[in-house]
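I have placed the structure first, in the form of C-alpha cells, so that the comments after it can refer back to it.
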Amino acid sequence: MKRVALFITCVNDALFPEAPKAVVRILERLGYEVDFPAAQTCCGQMHANSGYKNDAARLARSFDEVFGGYDAIVTPSGSCAAMARDQYPHLTGSDIGQRVHELSEFLVDVAGVEDVGAHFPHSVTYHPTCHGTRALGLGDKPLRLLRAVGGIDLVDLPAADQCCGFGGTFALKNSEVSSAMLADKCRNAAATGAEYLAAADNSCLTHIGGGISRLSRIYGSAGVAKSGGPKPIHYAEILASTA
Numbered sequence: 001m002k003r004v005a006l007f008i009t010c011v012n013d014a015l016f017p018e019a020p021k022a023v024v025r026i027l028e029r030l031g032y033e034v035d036f037p038a039a040q041t042c043c044g045q046m047h048a049n050s051g052y053k054n055d056a057a058r059l060a061r062s063f064d065e066v067f068g069g070y071d072a073i074v075t076p077s078g079s080c081a082a083m084a085r086d087q088y089p090h091l092t093g094s095d096i097g098q099r100v101h102e103l104s105e106f107l108v109d110v111a112g113v114e115d116v117g118a119h120f121p122h123s124v125t126y127h128p129t130c131h132g133t134r135a136l137g138l139g140d141k142p143l144r145l146l147r148a149v150g151g152i153d154l155v156d157l158p159a160a161d162q163c164c165g166f167g168g169t170f171a172l173k174n175s176e177v178s179s180a181m182l183a184d185k186c187r188n189a190a191a192t193g194a195e196y197l198a199a200a201d202n203s204c205l206t207h208i209g210g211g212i213s214r215l216s217r218i219y220g221s222a223g224v225a226k227s228g229g230p231k232p233i234h235y236a237e238i239l240a241s242t243a
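If you're matching positions, the sequence shown starts at 1 in the UniProt record's numbering and goes up one per residue.
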C-alpha cells in the first residue's frame, strides 16, 4: 500500500478538523495509507511573516524532524505548503518543502487522478486563494477535481483572481483596505447564487464567511443574496463527499 503523511496545519487542527478528515477519506479511497505524525506543530509562517526569523527556523527544523522520513506530505492548505516550499530553504537550508503537496497538487500531479469518486449535488463557486495561485501555481487543478464531482453545479466566481483581503496579519494591520477587498469578494460570491463557496485555505474561508455574514446583516438583499450568500467549505470536504 502507498504511504503518505498528513500535515493538518494549526488552523485546521484548532478550528476546522473536518478538512483534514476529508483528506484522509479521499486518500484512503484511492488506496493510500495515511500517517499522522502526532509531534507535528505550526509550520512557522506567521512567525516568519512577522519578522521572528529565529522562531520560524526552530519550527522549520521541527517540521523536518517530524516529516523527514516521508517521501510525500499532503496538506489541505496552500498557504502552509507555500511556507515549507518557499521559506524553509532560506531559514534552514532544508529542501523538505519539495515533498510537501497541497491536496490538489498531490491528486493531479502525483496520484494522477482527477475523478476521486465524489458526489455533491449542490451549486458551488470556487475562490482561488493567493498562496495557491501565486506561490504554488496550482492553476486549475482544484477546479479540474471539482468539475469531476458527480451532481455538482460549478458556478464561475466574478473577479475570482482578486485577493479576499485576509493575508494573515495584513487584515489586522491594514484593516480598512482589507475590509474593502473583503466586501468586493463577498458581493461577488453572493452574486453567483451558489450554495457553497469552496477554497483551498480555511483561513481565507473564515475571512470571507465572516464578511458574508456581516454584509448580510448590514445590507440585506441589496448587498448580498437574501440567503446571506454561499456557505464556506473547504474543497476537500466536497471531494470526500459521496452522498
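Note that CB positions come from ideal geometry on N, CA and C, so glycine has one too.
Predicted model only: the values in this text are computed from it and were never measured.
> L157 CB to nearest chain D CB: under 8 Å?
Replying inline: Judged by its chain identifiers, the structure shown contains no chain D, having just a single protein chain.
> What residue from A198, K2, C10 has the CA that sits closest to V34's CA?
Replying inline: Of all alpha-carbon atoms in A198, K2, C10, the one lying nearest the alpha-carbon of V34 is that of K2.
> Could you check where the beta strand (DSSP E) with E102 kicks off and where it finishes?
Replying inline: It spans 100-102 - the beta strand (DSSP E) in which E102 sits, taken as one unbroken run.
> G150 bridges to which residues according to DSSP?
Replying inline: G150 pairs with H119.
> Does DSSP put I212 in a helix, in a strand, or in coil?
Replying inline: I212 falls in the helix class under three-state DSSP.
> For V177, which three-state DSSP category applies?
Replying inline: Residue state, collapsed to three classes: helix.
>> To the nearest angstrom, how far is the alpha carbon of A111 from that of A191?
In response: Per the coordinates, the alpha-carbon of A111 lies some 35 Å from the alpha-carbon of A191.
> Thinking just about the alpha-carbon of each residue, which of C186, P232, C204 is nearest to the one in F170?
Replying inline: Considering only alpha carbons, the answer is C204.
>> Assuming Y235 is part of the alpha helix (DSSP H), what are its boundary residues?
In response: Per DSSP, the continuous alpha helix (DSSP H) segment holding Y235 begins and ends at 235-240.
>> So for P232, helix, strand or coil by DSSP?
In response: Three-state DSSP puts P232 in a strand.
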